[in-house]
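Per the numbering used here, residue 108 is the first one in the sequence shown, and the count goes up by one each step.
Here a beta-carbon is modelled for each residue, glycine too, at the ideal position from N, C-alpha and C.
If you're wondering where the values come from, they're calculated on a predicted model, not measured in any experiment.
See structure below.
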Amino acid sequence: MNAKKPGALFGLFLLLICAALTWFFVVGEDYYDYTSGSIESAAQSATLDKADLAVLSRPAREKYDTEIKYRNFFLTAPGAKSVQLQADFNGWGRTPIELKPYARGYFETSLALAAGEYKYVFVVDGKDFLDPMNLDRTVENGREVCIKTVK
């Protein structure tokens with residue numbers, strides 16, 4: 108009988124398998140150590156008091172950008188002679204802003220506004236007119252007005 112002994116290639120193959128398994132288990136153990144610490148810390152429960160619950164139940168405040176941004180105010184009012192913008196930022200008409208007329212009764216102006224909420228109403232030929240494109244409204248001093256939010 109002529110028995111063959113394992114060759115050099117087979118020995119190299121076994122050596123590579125052992126190296127790969129060793130690397131696999133070392134990396135797996137490192138990963139387990141990494142995740143087990145975070146899992147254990149997540150599993151621990153912290154006591155909450157009523158003040159903490161009140162803070163958690165409160166909706167997060169919106170953060171406004173402090174950059175000045177241009178916003179357009181426009182209205183289509185066919186047959187109107189003049190359209191003004193009265194708002195909380197111009198003293199409700201103490202310094203009215205005239206909208207520029209364009210073709211087919213389209214009036215527009217563009218204003219630089221900082222982030223925040225602004226209340227406004229259009230005045231078409233002396234009568235209040237709500238912005239039909241803005242349904243976000245409130246009552247200000249007994250007068251229904253629109254709200255424009257600049258973020």
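Residue i - DSSP class collapsed to helix/strand/coil
i	result
residue 297	No information on residue 297 is available, as it lies outside the stretch 108 to 258 that the chain covers here.
residue 211	helix
residue 204	strand
residue 186	coil
residue 149	Per-residue confidence for residue 149 stands at a pLDDT of 49, beneath the threshold of 50, marking its modelled position as unreliable; no derived number is given.
residue 135	helix
residue 158	helix
residue 220	strand
residue 243	coil
residue 128	helix
residue 121	helix
Cross-strand partners of residue i (DSSP beta bridge)
i	result
residue 164	DSSP output for residue 164 lists no bridge partner at all.
residue 181	215
residue 192	204 and 229
residue 238	DSSP, once it has assigned bridges, lists no residue as partnering residue 238.
Among the options, nearest to residue i - alpha-carbon criterion
i	options	result
residue 217	168, 252 and 178	178
residue 182	241, 164 and 250	241
residue 228	254, 133 and 222	254
residue 223	129, 121, 201 and 176	176
residue 194	133, 214 and 237	237
residue 212	189, 219 and 203	189
residue 209	199, 197 and 186	186
residue 184	256, 207 and 252	207
Boundaries (first-last residue) of the beta strand (DSSP E) holding residue i
i	result
residue 254	250 to 257
residue 114	It is not in any beta strand (DSSP E) - residue 114 carries neither H nor E in the DSSP assignment.
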